[in-house]
Amino acid sequence: MISAEKLLAELIVLPTVNPAFLAPGHPWAGEKRAAEYLAAVAARGGLEVELEPAVSERPILLATCRPSGKVRQRILLAPHLDTVGGDENTEELFQPRKAGGRLFGRGACDTKGSAAAMMSALLDLAGNPGRPAHTEVVFAGLIDEENQQWGSRHLVARRFKADLGIVGEPTSLRVVTAHKGDLWLQLECRGRSAHGAQPARGQNAIHAMARVVASLETGYADFLKRRPHPLLGPATINVGVIEGGQQPNIVPSRCLIQVDRRTLPGETESSVRREIAGWLRRQGLVCSCKNAKPVECLPLATDPHLPLVRQFCEQAGQHEPRGVEYFCDASVLAHGGIPSVVFGPGNIAQAHTAREWISLRELEFARRLILRFLRSLP
Ligand SMILES: [Zn+2]
Numbered sequence: 166m167i168s169a170e171k172l173l174a175e176l177i178v179l180p181t182v183n184p185a186f187l188a189p190g191h192p193w194a195g196e197k198r199a200a201e202y203l204a205a206v207a208a209r210g211g212l213e214v215e216l217e218p219a220v221s222e223r224p225i226l227l228a229t230c231r232p233s234g235k236v237r238q239r240i241l242l243a244p245h246l247d248t249v250g251g252d253e254n255t256e257e258l259f260q261p262r263k264a265g266g267r268l269f270g271r272g273a274c275d276t277k278g279s280a281a282a283m284m285s286a287l288l289d290l291a292g293n294p295g296r297p298a299h300t301e302v303v304f305a306g307l308i309d310e311e312n313q314q315w316g317s318r319h320l321v322a323r324r325f326k327a328d329l330g331i332v333g334e335p336t337s338l339r340v341v342t343a344h345k346g347d348l349w350l351q352l353e354c355r356g357r358s359a360h361g362a363q364p365a366r367g368q369n370a371i372h373a374m375a376r377v378v379a380s381l382e383t384g385y386a387d388f389l390k391r392r393p394h395p396l397l398g399p400a401t402i403n404v405g406v407i408e409g410g411q412q413p414n415i416v417p418s419r420c421l422i423q424v425d426r427r428t429l430p431g432e433t434e435s436s437v438r439r440e441i442a443g444w445l446r447r448q449g450l451v452c453s454c455k456n457a458k459p460v461e462c463l464p465l466a467t468d469p470h471l472p473l474v475r476q477f478c479e480q481a482g483q484h485e486p487r488g489v490e491y492f493c494d495a496s497v498l499a500h501g502g503i504p505s506v507v508f509g510p511g512n513i514a515q516a517h518t519a520r521e522w523i524s525l526r527e528l529e530f531a532r533r534l535i536l537r538f539l540r541s542l543p
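Residues in the sequence shown are numbered from 166 upward in steps of one, following the numbering used here.
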């Protein structure tokens, strides 16, 4: 039986940086190496293995543990195999290093740690007595979570069904039933260009946009703070990009910004767009507003009273559901009809950092907790 620690070290050695963050054809790009490695390990351990083509050269690994009897329910274990790159794209990121009860390396906590804990638990389940009689368990090594979530979107599009999805993300071993959505908007102010020596003849689009930015970052942000969600706190807004003007002696005719608006359960992309447009109109500010993200990233709000969710929380010794700020595959799966929670070892504070690490105690704890939950199923 391969330990979670050994699996994780092997996974870190195989770079699986999301291709969106690298030059085309970069040797570190794509999840395939890790998917093929895990496929071999899973097949040796008696799981049924399939590499499902999702995006060209980026298959999703599906490894299934069949129950001893008739299938009555299905659990999906869904970590993602892609990682971010890093400012210092050095080889060092892919050399696992153990120190002080931690394992360092790219993906250690986001989310090769979850993948290792889940796969190791599933191999244990398949190879030992105590396998459920009527529950099928499927491990899905998802792709592209860090960019546009093509893995979970593919599963949903091909109508994959499960009674519970456990999405691997660093939650510090907490069962998470809610997270925020993420909407990107592009706002544009138009003006009229003129000679910089005669600014009164023109209409300065940058000045107009400066008022929009101030209003969003102060008045509108305060307005959001007044309606917090019980698990997620308030929605937030961040103006992250600004572009406008050509040179100092021309009155700029165009200025645009891109904003990141984290959304709460109950909000839709169009309701938020309408709210922002209405807010600015009431302040007498004129600008256009459109979506700036190619895919929808909706909030997650899974019912914590669903029997399987309750059962998983009990195994985790948790009485209250938790929420996290960050968006992940759980939302895509949930909106595609698979009730989903987020769970995994590691803390999101260590994800995407130059010295990413995971606590080996937490990794082992996650493996045991998942195994105990799977063994408790009928
Ligand atoms: Zn992640």
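No residue lacks a Cβ here, since even glycine has one placed at the ideal position from N, Cα and C.
Apart from the 5 residues on each side of it in sequence, Ser496 sits with its Cβ closer than 6 Å to the Cβ of Leu463 and Leu465 in its chain, given in chain order.
In this model, Ala519 and Trp193 are separated by some 16 Å (Cα to Cα). When only Cα atoms are considered, Ala514 and Ile308 end up about 22 Å apart. In the DSSP assignment, His500 falls within the unbroken alpha helix (DSSP H) covering Asp494 to His500. About 20 Å separates the CB atoms of Glu440 and Leu421; that is not less than 8 Å, and the two are not in contact. Excluding residues up to 5 positions away in sequence, Leu389, Lys390, Arg392 and Pro393 lie with their Cβ nearer than 7 Å to the Cβ of Pro399 in the same chain. Of the residues Gly211, Pro297 and Met284, the one whose Cα lies closest to the Cα of Arg237 is Pro297. Distances taken from the Cβ of Thr181 to the heavy atoms of ligand 1 include none shorter than 6 Å. Glu490 is classed as exposed because its beta carbon has fewer than 16 other beta carbons within 10 Å across all chains shown. With 7 Å as the limit, the residues whose C-beta approaches a heavy atom of ligand 1 more closely than that are His245, Asp275, Thr276, Glu310, Glu311, Glu334, Cys493 and Ala516, in chain order.
The Cβ atoms of Thr342 and Thr467 sit closer than 7 Å to each other. Excluding its 5 nearest sequence neighbours in each direction, Arg198 has C-beta neighbours in its own chain below 7 Å: Leu179 and Thr181, listed in chain order.
Three or more beta-carbon pairs separated by less than 8 Å are not found between the stretch 334-352 and the stretch 286-294, which leaves the two stretches without contact. According to DSSP, Phe304 shares a beta bridge with Ala228 and Leu242. Beta-bridge analysis with DSSP links Arg267 to Ala264 and Ser524.
Every beta strand (DSSP E) stretch that sits fully inside the stretch 404-482 and reaches 3 residues is listed by chain position as 419-428 and 453-456. Boundaries cannot be given for Ala327, as no alpha helix (DSSP H) includes it and DSSP labels it neither H nor E.
Rounded to whole angstroms, Arg318 and Ile225 show a C-alpha spacing of 11 Å. Distance between Leu445 and Leu268, taken at the CA atoms: about 49 Å.
Counting along the chain, Leu172 sits inside no beta strand (DSSP E); it lies in the alpha helix (DSSP H) bounded by residues Ala169 to Val178. Comparing alpha carbon positions, the residue from Glu527, Ser541, Leu534 and Val506 closest to Ala243 is Val506. The bridge partners DSSP lists for Trp349 are Asp425.
Pairing Phe492 with Asn293, the inter-Cα distance amounts to about 36 Å. About 7 Å separates the beta carbons of Ser358 and Pro417, which is inside the 8 Å limit, making them a contact pair. For the pair Pro395 and Asn312, the Cα-to-Cα distance works out to about 28 Å. The way I'd put it, the stretch 519-536 does touch the stretch 322-341; three or more beta-carbon pairs between them come closer than 8 Å.
A straight-line Cα-Cα distance of about 53 Å links Ala219 and Gly361.
Cβ-Cβ separation between Ala282 and Ala169: approximately 5 Å, consistent with a contact (criterion under 8 Å).
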